[in-house]
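Quick note: the numbering used here has the sequence shown finishing at residue 182, numbered continuously throughout.
Read through the structure below, which is laid out as structure tokens, and then see the notes.
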Amino acid sequence: MFIGGLNWDTTDDTLKLYFEQFGKITHCTIMRDAESGRSRGFAFLTFEDPASVNAVMAREHHLDGKTIDPKRAIPRSDANKTDKLFVRALPATCTQESFRAYWRAFGNITDATLMMDKETGRHRGFGFVNYEAKDSVEKVLAGGPHYMDGQMSRAFLAPLPPFFPFLSFPCSRTGKRGPRD
């Protein structure tokens with residue numbers, strides 16, 4: 002579990018002692034700053050019995066004078082298992098139909114959307130594809146790069162990779178979304 006909102010003075014021992022009322026704990030670590038050793042205000046803990054997590058989630062918690070925020074932690078190996086892809090560098094000739102048809106070759110699609118510019122009516126060079134099965138996503142990623150109408154396009158797990166922030170957030174100086182605006 003992820004435990005957020007901890008008091009800076011909460012220790013591993015007091016955290017473990019509090020949560021032992023819900024079941025046996027196999028791991029408990031408050032995350033600390035590497036240089037100062039000070040608590041970063043959150044921790045991870047693991048129960049021996051997964052049912053203990055349900056008991057924790059059923060109520061509000063207070064520890065060392067603060068309301069704390071426990072959440073189910075998602076293992077990193079599961080965090081990357083998504084059925085949604087972000088596809089970039091699409092050719093200008095790409096249509097909604099050709100986009101859907103190309104990606105359908107890898108598995109059953111639940112949604113395929115080209116992101117459109119409302120002013121020009123043309124697509125913005127990227128889109129999203131959702132598959133019924135996660136193994137279809139793995140096929141796409143293993144098969145790249147992909148060529149649509151002779152142009153290389155790349156697919157990534159959604160949400161957007163961090164190196165493409167201009168596609169989803171306005172630029173601070175201009176308020177525009179990217180190089181084509």
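Glycine included, C-beta positions come from ideal geometry on N, C-alpha and C.
query	result
Asp136: first and last residue of the uninterrupted alpha helix (DSSP H) it sits in	Lys135 to Ala143
Whole-number beta carbon distance between Val57 and Phe20, since they are thought to touch under 8 Å	7 Å
Whole-angstrom C-beta distance between Asp65 and Thr11, which should lie under 8 Å	5 Å
The beta strand (DSSP E) enclosing Lys72, as first and last residue numbers	Lys67 to Lys72
Closest by C-alpha distance to Phe3, when choosing among Ser37, Trp9 and Phe48	Phe48
Among Tyr132, Pro71, Cys95 and Gly145, the one whose alpha carbon lies nearest that of Ile110	Tyr132
Under 8 Å between C-beta atoms of Ala156 and Leu91	no
For Asn131, the first and last residue of its enclosing beta strand (DSSP E)	His124 to Tyr132
DSSP state of Asp14 mapped onto helix, strand, coil	helix
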